[in-house]
Amino acid sequence: MDNGTPETGAFFERDRAWHPKAFTPDYKSSVVRSPRRALLSLENSPGEITGPVFGHDMLNENDADLIHNFARPGESALGERIIVHGRVLDERGRGVSGALLEFWQANAGGRYRHKKDEYMAPLDPNFGGCGRTITDENGNYALRTIRPGPYPWPNGINDWRPAHIHFSIFGHGFAQRLITQMYFEGDPLIPLCPIVQTINDEAAVKQLVALFDKAHATPFDSLAYKFDIVLRGRRSTLFENRMEGN
Ligand SMILES: [Fe+2]
Numbered sequence: 599m600d601n602g603t604p605e606t607g608a609f610f611e612r613d614r615a616w617h618p619k620a621f622t623p624d625y626k627s628s629v630v631r632s633p634r635r636a637l638l639s640l641e642n643s644p645g646e647i648t649g650p651v652f653g654h655d656m657l658n659e660n661d662a663d664l665i666h667n668f669a670r671p672g673e674s675a676l677g678e679r680i681i682v683h684g685r686v687l688d689e690r691g692r693g694v695s696g697a698l699l700e701f702w703q704a705n706a707g708g709r710y711r712h713k714k715d716e717y718m719a720p721l722d723p724n725f726g727g728c729g730r731t732i733t734d735e736n737g738n739y740a741l742r743t744i745r746p747g748p749y750p751w752p753n754g755i756n757d758w759r760p761a762h763i764h765f766s767i768f769g770h771g772f773a774q775r776l777i778t779q780m781y782f783e784g785d786p787l788i789p790l791c792p793i794v795q796t797i798n799d800e801a802a803v804k805q806l807v808a809l810f811d812k813a814h815a816t817p818f819d820s821l822a823y824k825f826d827i828v829l830r831g832r833r834s835t836l837f838e839n840r841m842e843g844n
């Protein structure tokens, strides 16, 4: 059925070998974050499976334009201007409409607008670093931003995060929230990243890497990257909050 009714057909089991383990000591934070006890499966109740349904009317004009949504009038964020676009897909490759996407990232120098970020790179007064959009009827989305810079983090002695954008995807209920990170094709830091190294399968890593997409660049304005997100199924995108369990 492709008429917007909830999926009630075959259950697409997750491939446990595809997803990284929750406990991966080389990624230090996973030591305290990973569960110590066996997981429990809970039945969804109406509170988890109904509402909210997000609509385009809840968005502001510049919500998907990080170049301008925090900038002073007439100004724009510093950095390499890019478009990130793609589709949110279900396990059968069909577009998922009405999914709320939220994204957040560091500025071009690799610094977040966050009180706990003390990296020496300066804040950009015209860059806030977060935005949101909703997929259209075919599951398409697009945002404009600047390419974030890599940044060092206190894991090993000299560990750096590759340039990345954090994505959150909401379904039609509050329990249906998935979080992941998007990387950029060609970034030499990707294979060196302890978080990326928790993923055993090269194809699974590849799915987190947005491809350079010259065909969708806007002449004299922005380059483009393409990033599709697969919500379910054997080859779903890896989500940080779904490494184990459902
Ligand atoms: Fe980050």
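Numbering (this note's numbering), first residue to last: 599 to 844.
All C-beta atoms in this analysis are idealised placements derived from N, C-alpha and C, irrespective of residue type, glycine included.
It should be emphasised that the depicted structure is a prediction, and the values quoted were computed from it without experimental measurement.
Please list, in chain order, all residues of the same chain as residue i whose beta carbon is under 6 Å from its beta carbon, the five residues on each side excluded.
i, result
"Phe-768", "Leu-698 and Arg-775"
"Arg-742", "Asp-663, Ile-665 and Ile-681"
Provide the residue span of the beta strand (DSSP E) that contains residue i, from first to last.
i, result
"Arg-730", "728-732"
"Gln-779", "775-782"
"Tyr-710", "No beta strand (DSSP E) contains Tyr-710, which DSSP labels as neither H nor E."
"Pro-750", "749-751"
"Arg-692", "Run containing Arg-692: none; DSSP gives neither H nor E here."
"Arg-759", "757-759"
Which residues share a DSSP beta bridge with residue i?
i, result
"Pro-618", "Partner(s): none; Pro-618 has no beta bridge."
"Thr-743", "Ile-680"
"Phe-768", "Leu-698 and Arg-775"
"Phe-810", "Tyr-823"
"Thr-835", "Thr-835 is not bridged to any residue."
"Asp-663", "Arg-742"
"Ile-763", "Met-780"
Is any heavy atom in ligand 1 found nearer than 7 Å to the beta carbon of residue i?
i, result
"His-762", "yes"
"Ala-704", "yes"
"Arg-759", "yes"
So is residue i buried or exposed if we call it buried at 16+ other beta carbons inside 10 Å?
i, result
"Met-780", "buried"
"Asn-667", "buried"
"Arg-759", "buried"
"Leu-806", "buried"
"Pro-746", "buried"
"Pro-792", "buried"
"Asn-844", "In this prediction, Asn-844 has a pLDDT of 42, which is less than 50 and means its spatial position is unreliable; what the coordinates show is noted afterwards. So Asn-844 counts as exposed."
"His-762", "buried"
"Phe-701", "buried"
"Gly-571", "Outside the displayed range of the chain (599 to 844) lies residue 571, so it cannot be described from this structure."
"Phe-818", "exposed"
"Ala-813", "exposed"
"Ala-808", "buried"
"Gly-653", "exposed"
For the alpha helix (DSSP H) that contains residue i, what are its first and last residues?
i, result
"Ala-801", "800-804"
"Val-630", "627-631"
Looking only at its own chain, which residues have a Cβ that is under 8 Å from the Cβ of residue i, when we skip the five neighbours before and after it?
i, result
"Asp-722", "Ala-675, Leu-676, Gly-677, Asn-705, Ala-706 and Gly-707"
"Leu-836", "Trp-616, His-617, Pro-618, Thr-778, Ile-797, Ala-802, Gln-805 and Leu-806"
"Pro-604", "Residue placement at Pro-604 is flagged as unreliable, the pLDDT there being 47, under the threshold of 50; the coordinate-derived value follows with that caveat. Once the five neighbours on either side are set aside, Pro-604 has no close Cβ partner at all."
"Ala-815", "Ile-681, Leu-821 and Ala-822"
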